[in-house]
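This report refers to the structure that appears directly beneath it.
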């Protein structure tokens, strides 16, 4: 890449370089999913597309929300809303590690100067019924990415196996840009007519959401919505495969999965509000997992999931 | 004889699995080769983060030809029998040999299995080794079906003879074995071919890979200690961390960095744990002050700026981590200073210990009640023991232990001190978990001992009450370890207490607190306490066996009253074991057994028990009279000695019986025709039995 060696100057430049790098490697550059999710993995382009036999390659930024991580914008590297960069390639190519290292070079990390290491880290998502083996990738002792070979998603064995890369964008960018507080990070070019920092864009929202997540969100409503999403998911999946209006086979795997995503985020909010006890926690996670599994079961019955008439 | 080299090159193998995997590779391959008839002179296995390597020297070039002979039916046997034999051997009739066996002529089948070339066998063995490799966790990748710890990328497999190296033909799930590999991911110069192990190891080194993990560990340690020494400091030893770090690099580069002054006020254990767990750093200590002042990190690359960028990055990450740690430390200190440790412990009521045994707070209340009971038995003040029990688990609710669970107890000690506790209470916060293993130190401070015992006895009693005992290899709640802990606490501190009544107390505390938990009927009888006591006895036997005391010696003492007082029990067992090692002891045991045998035979025959009434006036011989005198003397010596639990004195008094008993059996016939004298002599033997059994149940001893 032409940019290799040069250091990016802003948060957005790092994102742009990752986008163009992975586009040049043949990934479909997708857009964020339009729902609240806890991590890039929840995007159907990862969760659902890692299922079934069809080949797939996608890369995208995903805004992610972790209500319990809110710190009112004060902590140098903790945010309740942050960005993940996500790459999913199925089947995982034999040179995925080299491809990944190329992406670090693309954002200005000089392999001859830094110490890059692949340190064992097995990934498991109890809410998605998913697990995989891989590493956390260290750059000079800092975790910059998660690298996972999916083995199971939604209770289904992955065949073929997808390779998943997740970059924590703020942390990675802070490192590359040499910034020690996330709010001080240049969001756009520091020499732009209107230079903006990450704080200019997000400090206020971090405060607002921290207050909302910890103290203000109405728990009764959240509980009710959780129940609604759960019921709706099951109801959608219980519909017959054949659409009575068009006469076509239309299984509503994605709309059902939207409800699963909703339930998962509602659970996270309830958790942040501190109304879920230790014992209940497991039960809630189990309920979301049951939805994820049901959606996975449905997806593999669809064309995108490899089903053939 | 060819040498043989295998390298399985993969993406990064978890450090903790490498050593075991190299050893498994060596075992599986060499076993497979030997089974196929290929012996070898030597084998060595190595590992790096990206490869498992096995080098075998002096392998047979071919497996030997095997000749198998099978005896068949007689030549004149029925046709079906002969045909059956031919079918079984896979031969035709003209291939059979006829031989004379005795007077008959018999068919023999002689089958020769020709030897096979090493390469063929190696390929088969390697194929099955890779497919069935015992990784603790393995995975698939891409579209393939092969499993390995992480994607397997290439296989190097060559046989080297004087004529040169030959690649062993082998293809596995699309990977074809060859004679090439690559070196360091960033410093290597691409793929290269090798012709032998020496060539391989040398080229790896040129390509910045040290193959031998022990050599990497040695290099790291030597360089780390050098750098520390040059600065008047010392590296905190950590063999586990050293092995792990050696498994994270192919080309270790040791870098030492400073810890920001802002963090030097943290407890050294916190610095050490944070650096080790999160960053795999070694701690570097100032030997004068004991403070951790620097860290050592091991990079995997040599850079043109001599690691400056790497060190700066690591330092930055460390500062972020330690800021977190300091944040936890400050918050925790604020909590205990304003609300006390009890305030910190308040949250334990919402933490489930076990769904049938209530919350951690319930458990703390039980431990407090028990510690109060135990305190006087171990020389602690009941109020202090209760206070310590109340706060001993408070640190489980601290932010620091939430982040670093391995600091539980230790943080309790710091926080207890900060909250103004004293008189052994802070120490008890740390020590009440101990001893954790057979070699862990046993607490000695009375308050610690009281809480440690209460903690473990509550755990054991609780799980016994809900019938969650260990079975076979399953012991999910580490109850064997808890029982051993009680045993070592009691013996190590010479604690005198009745285990049984203590268990009953624990049961009472438990059932008062959790009406629903244990079966209320069971709490009124002794079934559970007795069962738990016998579990203690089993663990004690295992423990004493390791100390060289035979199980039958323990059985002989277990049969005596007061066997739930473990200190007394062991004291008796030790005295008995020592006694039996003496000549007198061994002989006395024989004399006792002879007396007991004669007596029990006579009792069975006569249908009476001979227990009383031996009178010296019916004694006919000197030996008999001497035994009377000796028994009188022994009795007067043994009874008071037993009262003061002076088993050694009691046993040496018993030993004095040896000569008189021997002399008695040498000269006296017990079963004479004279009924009066016979009865008198049997009653005399009964005195031997009674006196000896008052010391220990000698009938349970072997030999």
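Chains as they are written, first to last, in this note's numbering: chain A, 1 to 309; chain B, 310 to 1012. Backbone N, C-alpha and C define an ideal beta-carbon position, used for all residues, glycine too.
Beta bridge counterpart(s) of residue i as assigned by DSSP
| i | result |
| --- | --- |
| residue 421(B) | 376(B) |
| residue 458(B) | Answer is none; residue 458(B) lacks a bridge partner. |
| residue 124(A) | 131(A) |
| residue 314(B) | 364(B) and 467(B) |
| residue 168(A) | 84(A) |
| residue 149(A) | 133(A) and 163(A) |
| residue 945(B) | Note: residue 945(B) sits in no beta bridge, so no partner. |
| residue 410(B) | 413(B) |
| residue 64(A) | 82(A) |
| residue 563(B) | 607(B) |
| residue 157(A) | 152(A) |
| residue 186(A) | 197(A) |
| residue 444(B) | DSSP output for residue 444(B) lists no bridge partner at all. |
| residue 116(A) | 139(A) |
| residue 383(B) | 415(B) |
Member of the options whose CA lies at the smallest distance from the CA of residue i
| i | options | result |
| --- | --- | --- |
| residue 937(B) | 990(B), 896(B) and 957(B) | 990(B) |
| residue 367(B) | 492(B), 469(B), 885(B) and 801(B) | 469(B) |
| residue 551(B) | 314(B), 591(B) and 562(B) | 591(B) |
| residue 524(B) | 555(B), 499(B) and 757(B) | 555(B) |
| residue 23(A) | 38(A), 59(A), 49(A) and 294(A) | 59(A) |
| residue 113(A) | 637(B), 857(B) and 615(B) | 615(B) |
| residue 412(B) | 383(B), 588(B), 971(B) and 890(B) | 383(B) |
| residue 167(A) | 50(A), 63(A) and 283(A) | 63(A) |
| residue 11(A) | 173(A), 184(A) and 131(A) | 173(A) |
| residue 634(B) | 421(B), 713(B) and 756(B) | 713(B) |
| residue 843(B) | 593(B), 948(B), 333(B) and 812(B) | 812(B) |
| residue 47(A) | 188(A), 272(A), 124(A) and 248(A) | 124(A) |
| residue 408(B) | 425(B), 378(B) and 398(B) | 378(B) |
| residue 454(B) | 157(A), 142(A), 153(A) and 145(A) | 157(A) |
| residue 51(A) | 127(A), 13(A), 136(A) and 163(A) | 163(A) |
| residue 506(B) | 467(B), 395(B) and 993(B) | 467(B) |
Span of the beta strand (DSSP E) around residue i
| i | result |
| --- | --- |
| residue 217(A) | It is not in any beta strand (DSSP E) - residue 217(A) carries neither H nor E in the DSSP assignment. |
| residue 86(A) | 81-90 |
| residue 742(B) | No beta strand (DSSP E) contains residue 742(B), which DSSP labels as neither H nor E. |
| residue 353(B) | 351-357 |
| residue 534(B) | From DSSP, residue 534(B) is part of no beta strand (DSSP E) but of the alpha helix (DSSP H) over 522-539. |
| residue 305(B) | Given that chain B is displayed from residue 310 to residue 1012, the structure contains no residue 305(B) and the question cannot be resolved. |
| residue 973(B) | First-last for residue 973(B): 967-976, but that is the alpha helix (DSSP H), not the beta strand (DSSP E). |
Endpoints, the alpha helix (DSSP H) within which residue i is located
| i | result |
| --- | --- |
| residue 858(B) | Neither: residue 858(B) is in no alpha helix (DSSP H) and is coded neither H nor E. |
| residue 22(A) | 11-24 |
| residue 712(B) | 708-712 |
| residue 434(B) | 427-440 |
| residue 958(B) | 956-964 |
| residue 876(B) | 875-890 |
| residue 42(A) | Taken as a continuous stretch (DSSP letters only), residue 42(A) belongs to no alpha helix (DSSP H), as it is neither H nor E. |
Where in the segment 588-644 of chain B do unbroken runs of the alpha helix (DSSP H), each at least 4 residues long, occur, reported from the N-terminal end onward? none
Which residues, in order along the segment 135-155 of chain A, keep a beta-carbon less than 8 Å from a beta-carbon of chain B? 135, 139, 140, 141, 142, 149 and 151
Proximal residues, the segment 56-83 of chain A versus chain B, C-beta separation under 8 Å: 76 and 77
Taking only runs that begin and end inside the segment 466-509 of chain B, name each unbroken beta strand (DSSP E) of 3 or more residues, in chain order. 473-476, 489-491 and 500-502
Beta carbons nearer than 7 Å to chain A: which residues of the segment 546-559 of chain B have them? 557
Using a Cβ-Cβ cut-off of less than 9 Å, list which residues of the segment 430-463 of chain B approach chain A; keep chain order. 446, 447, 448, 449, 450, 451, 452, 453, 454, 458, 459, 460 and 462
Entirely within the segment 761-827 of chain B and at least 4 residues each: give me those alpha helix (DSSP H) ranges in chain order. 788-801 and 808-822
In the segment 322-334 of chain B, which residues sit with their C-beta less than 9 Å from some C-beta in chain A, listed in chain order? 322, 323, 324, 325 and 326
What residue ranges within the segment 253-288 of chain A form continuous alpha helix (DSSP H) runs of no fewer than 4 residues, ordered along the chain? 253-272
Identify each residue in the segment 99-112 of chain A for which the Cβ-Cβ distance to at least one residue of chain B is less than 7 Å, and report them in chain order. 111 and 112
Residues, ordered as in the chain, of the segment 115-128 of chain A that lie near chain B by beta-carbon distance below 8 Å: 115, 116, 117, 118, 119, 120 and 122
Pull out every residue of the segment 654-665 of chain B whose Cβ sits closer than 8 Å to any Cβ of chain A, in chain order. 659, 660, 661 and 664
To be precise: take each residue of the segment 571-597 of chain B, compare its Cβ to all Cβ atoms of chain A, and keep it if any distance is under 7 Å. Which residues remain? 588
Taking any Cβ of chain B, which residues in the segment 160-181 of chain A have a Cβ under 8 Å from it, in chain order? 160, 161, 163, 175 and 180
Chain-ordered residues of the segment 618-629 of chain B with a beta carbon less than 9 Å from chain A: 618, 619, 620, 621, 622, 623, 624, 625, 626, 627, 628 and 629
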